[in-house]
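Which chain is which? The protein sequence lines are A and F, in order. Here my numbering is used: the first sequence runs in plain steps of one and ends on residue 386. Here my numbering is used: the second sequence runs in plain steps of one and ends on residue 1151. Each residue gets a CB set at the ideal place from its N, CA and C atoms; glycine is no exception. Heads up, the thing below is written out as structure tokens.
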Amino acid sequence: MSLNIVVCIKQIIDPEIPASQFKIDPATKRQVQGSHSLVISAYDQNAIEVAIQLKEKHSGKVTAISVGPATAVTALKSALSMGADEAILVNDPLFGSQDQQGIAHVLAKAIEKAGGFDLILTGCVSGDWGDRAVPAFMAEELEMGFVSFVSRIEPKDGQVVLRRVVEDGYELIEAKLPVLASIISDETNTPRYPKLKDIMAAGKKTIPLWKAADLGLDPDRVGQGAARVAITDVYIPTKESKCEMIEGDTPEEQAVKLAARLRELKLI
Amino acid sequence: MLGTLVFATTEGGGLTRNALELLAGGKRLKGKLAEPIGAAILGKELGPHVQQLFAYGADQVYRAEHPLLEQYQGDAYAIALHQVCQRAHPKVVLLPGDSIGRELGPRLAHRLKAAFVADFIDFDLDAASGRLLFTRQAYGGKAMAVVQPHVSPVVATVKVRAWDPATKEEGRTGEEIRVDVALEASLLRTRLLEKIQEEVSGVKLEDAKIVVSGGRGLRGPEGFKVLEELAQVLKGAVGASRAATDAGWVAPSWQVGQTGRSVSPELYLAFGISGATQHVAGISGAKNIVAINTDPEAPIFKVAQLGVVGDWKAVATKLIESCKELTGQ
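Dropping the structure here:
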């Protein structure tokens, strides 16, 4: 069963920088990039891995799509070097004021334009805003079935069976194609490191750039005034972070002192 | 006109704690909006829950029963909850920030052409505009963001354990509204085949007063046996960081963090956990964090109140013994 898969990825500022280096621009209410590197949001990398494994096992094609600034080309090149066949960048100054529903509308229109997909994959949460909402909005825009927090996908009789991770275990869900799934990590989908030759080959591939005018967007859904929510403030919470260190010559001594301290604090 | 509609989930014959937290939020919103609280409840046989919902603060209960709603399934619940909203016309719909609400909330928002706010922890009424303002975490908890909806209604998920559950008022009553949902199996593009529950001994992670968690530093699945013993002594639950679940040492459902579960225990013991942003986002509600790590520079010490620089296994093993002595076991 050959599968035509699209993976939506987002480029973000490395979320693992120390809190002390995290800054917000008071004017834009967004994080200041400074000298920090840009990365593919972590679970989007798991989504790429799931797509590539499915292609390797069942044949097919993987396309990576990103809505983002021109720098997102490097994220798309990484996806190509991991094994994606094609990549598309969707970029337009008009998208700067989109909220999550607006971004989902743009992504959905780009996916419709590219056309013919069986499976649409995304990460389950982005490392910056973490709304976990764009995949669900996209599924609604595309009028498709949707399954979130999926760690594994197996084709079966022209459909797919998805493993959805929930609080107390997991669910097995059967879905008609096409279906949209947001991917969570587990031991089967750790993102691969691309080989040097694949990085070189990806560097040579051209990535088409699609603008707002290419997509047939609903004018009520884009640009200033279309957003249904606005971020009115972003601030860094002040918290005292003083860690009392439990000293001792051996770990055993530290453990005894820790237990006594916890007892003193009435925590155990 | 309905103010807030709370999506109430059930388990094991009762309302979930998440549902009670939403009802507590509904009551607070009622104080601001001065409009009644509705509760939407979906399932197969819901009779016993209706009275409970009144007792916990609902003025109206929208009861939607259908064989296809027996267990949560995305398509069936999205269709049914949308129909309930069309009947109830709420200004605000609250869903839990769990695996159900996070999937269902944005879908419902799209269908209602509503604003959507994810995982908020607090809200206020903006006196000037008369609009609600929602506060939530952003950037994995490094920042807080204030979100203002521009349209009505608003669909929002509430961060699990951000609020205390609603208090019960015996004998309180309200209005029950039965909603006959139009639902057919042919409308469902996704179907739940099977739910596999992983065995959990002791308390649930979200409900535990003490959580003992392990990360990459445990270097293998065996380490979790030690943590399970410690959790048992402390009557707590065991969690894990993403590094441990991604390595397959324990099930993904054990994961605490931005993708996993949010916990807010009195005491959180982090063994061999470096403190990546994505993990810390899930423990921001913990009252006391204790970090045990060999690396004194690990970011976990920045959020911990108590720290031990040392070998996790030696500390944990001795801690089991000391805790047994101190608690008279």
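{"Asked": "Distance between residue 379(A) and residue 1007(F) (C-alpha atoms, nearest Å)", "Found": "58 Å"}
{"Asked": "Sufficient close CB pairs (3 or more, under 8 Å) joining the segment 874-889 of chain F to the segment 364-373 of chain A", "Found": "no"}
{"Asked": "Pair within 9 Å by beta-carbon distance, residue 973(F) and residue 1004(F)", "Found": "no"}
{"Asked": "Residues near residue 345(A) in its chain [Cβ-Cβ closer than 7 Å; skip 5 each side]", "Found": "215, 216, 217, 220"}
{"Asked": "Chain A contact residues for residue 1018(F), given Cβ-Cβ distances below 8 Å", "Found": "287, 288, 289, 290"}
{"Asked": "Boundaries (first-last residue) of the beta strand (DSSP E) holding residue 966(F)", "Found": "965-971"}
{"Asked": "Other residues of its chain near residue 330(A): CB distance less than 8 Å, five sequence neighbours each side excluded", "Found": "210, 212, 213, 224, 340"}
{"Asked": "Interface residues of chain F facing residue 321(A) [CB-CB closer than 9 Å]", "Found": "Within 9 Å Cβ-Cβ: nothing; residue 321(A) doesn't reach chain F, min ~29 Å."}
{"Asked": "Three-state class that DSSP yields for residue 1005(F) in the structure shown", "Found": "coil"}
{"Asked": "N-terminal and C-terminal residue of the alpha helix (DSSP H) that residue 853(F) is part of", "Found": "839-855"}
{"Asked": "Below-9 Å beta-carbon distance, residue 191(A) vs any chain F residue", "Found": "no"}
{"Asked": "Nearest-angstrom Cα separation, counted from residue 872(F) out to residue 864(F)", "Found": "11 Å"}
{"Asked": "Residue 1123(F) versus residue 898(F) - alpha carbon distance", "Found": "45 Å"}
{"Asked": "Residue interval of the alpha helix (DSSP H) (run including residue 264(A))", "Found": "Note, residue 264(A): premise wrong, no alpha helix (DSSP H); beta strand (DSSP E) at 263-274."}
{"Asked": "Any beta strand (DSSP E) of 3 or more consecutive residues that is wholly inside the segment 222-301 of chain A", "Found": "237-241, 263-274, 277-284, 287-293, 297-301"}
{"Asked": "Residue from 1081(F), 1148(F), 1075(F) whose Cα sits closest to the Cα of residue 383(A)", "Found": "1148(F)"}
{"Asked": "Below-9 Å beta-carbon distance, residue 302(A) vs any chain F residue", "Found": "yes"}
{"Asked": "Below-9 Å beta-carbon distance, residue 119(A) vs any chain F residue", "Found": "no"}
{"Asked": "Any chain F beta carbon closer than 9 Å to residue 336(A)", "Found": "no"}
{"Asked": "Residue-level contact to chain F via CB, residue 186(A), 9 Å cutoff", "Found": "no"}
{"Asked": "For residue 1074(F), the three-state DSSP class (helix, strand or coil)", "Found": "helix"}
{"Asked": "Under 8 Å from the C-beta of residue 450(A): neighbouring residues of chain F", "Found": "The requested residue 450(A) is not part of the displayed model; chain A covers only 119 to 386."}
{"Asked": "Chain A contacts from the segment 1062-1096 of chain F (Cβ-Cβ distance under 8 Å)", "Found": "1064, 1067, 1068, 1069, 1070, 1073, 1074, 1075, 1080, 1081, 1083, 1088, 1089"}
{"Asked": "DSSP bridge partner residues for residue 328(A) (one or two, in chain order)", "Found": "208(A)"}
{"Asked": "Cut-off 7 Å between Cβ atoms - residues of its own chain near residue 947(F), not counting five sequence neighbours on either side", "Found": "854, 954"}
{"Asked": "Per-residue DSSP class, three states only, for residue 1039(F)", "Found": "helix"}
{"Asked": "C-beta neighbour in chain F for residue 370(A), strict 9 Å", "Found": "yes"}
{"Asked": "Beta bridge counterpart(s) of residue 142(A) as assigned by DSSP", "Found": "149(A)"}
{"Asked": "Buried versus exposed call for residue 311(A) [16 or more other C-beta atoms within 10 Å across all chains shown]", "Found": "exposed"}
{"Asked": "Amino acids of chain A, ordered along the chain, whose beta-carbon sits closer than 7 Å to that of residue 1046(F)", "Found": "Under the 7 Å cutoff, chain A gives no residues; its nearest Cβ is about 15 Å from residue 1046(F)."}
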